[in-house]
Amino acid sequence: MSTGKAVLEVPLAPIVERITPAHGAPGISAEAFDALVREHQRRIYRILLLQLRDADAAETLTQECFLRAYAKRGDFRGEASIGTWLVRIALNLARDHVKSRRLAFWRLLGRARREGDPVSRDLILPDPDPHPERRAIARERLTAVWAKVERLPNRQRTCFLLRYVEEMSIGEIARAMQLEAGTVKAHLTRAVGAVRRHLQEWEGPCEDI
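So the sequence shown is residues -2 to 206, counted in our numbering.
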């Protein structure tokens, strides 16, 4: 997986245009919502891309994140920042997307077995990164880091990405993931330790992670 800037600058389809009178407009103008989208959409897209490793799904869910935030704007209590609240929505969408994708896979697999169709290896192990630009890794060391990050357990990986890619504080991560701060710290400690050990095996001792 590449985390190059070219990947993170993929133009997003207009989100504000999808807001219709059916959503209701009291409390926020189209201009204010547009400003909110412009301020936060890149971060939300990055988080979803790193979680799903699928540019199309990340773009779709980025739009869905803001539409859901707009629809549920009355639920925002100010207990966390708007950015943290949006990250929480995005993480929930990513989790639901993965669940639905797994369910669709097992349904497809079950149907194929019932119908006697061969199930290809590509179906069971699809290429997680089909886009050529995402395979163009500029530095081998970064490749080694991400190879390990991708294999981390889900919560460790999410904590690592939010802390070291999005530069969120421990408190922000805890609120976004609805975990205790101590739990976030524990996940980060395990994640960083795993990455460090992987790099030590790959290139010798390192001290900068």
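Think of the CB as a built atom: it goes at the ideal place given N, C-alpha and C, for glycine as much as any other residue.
For residue i versus residue j, is the C-beta spacing smaller than 9 Å?
| i | j | result |
| --- | --- | --- |
| I44 | A87 | yes |
| L90 | L58 | yes |
| C156 | L185 | yes |
| V84 | L159 | yes |
| L33 | A66 | yes |
According to DSSP, is residue i helix, strand or coil?
| i | result |
| --- | --- |
| D51 | coil |
| F30 | helix |
| S78 | coil |
| L83 | helix |
| L46 | helix |
| K69 | coil |
| E147 | coil |
At which residues does the alpha helix (DSSP H) containing residue i begin and terminate?
| i | result |
| --- | --- |
| R172 | 167 to 174 |
| R152 | 151 to 161 |
Determine the direct distance from the alpha carbon of residue j to that of residue i, and round the result to whole angstroms.
| i | j | result |
| --- | --- | --- |
| L9 | A191 | At L9, the pLDDT of 47 sits below 50, so the modelled position is not reliable; the number obtained from the coordinates is stated separately. Answer to the nearest angstrom: the Cα atoms are 34 Å apart. |
| A173 | A52 | 22 Å |
| E36 | I79 | 11 Å |
| R74 | N151 | 28 Å |
| K145 | L49 | 16 Å |
| Q60 | M165 | 22 Å |
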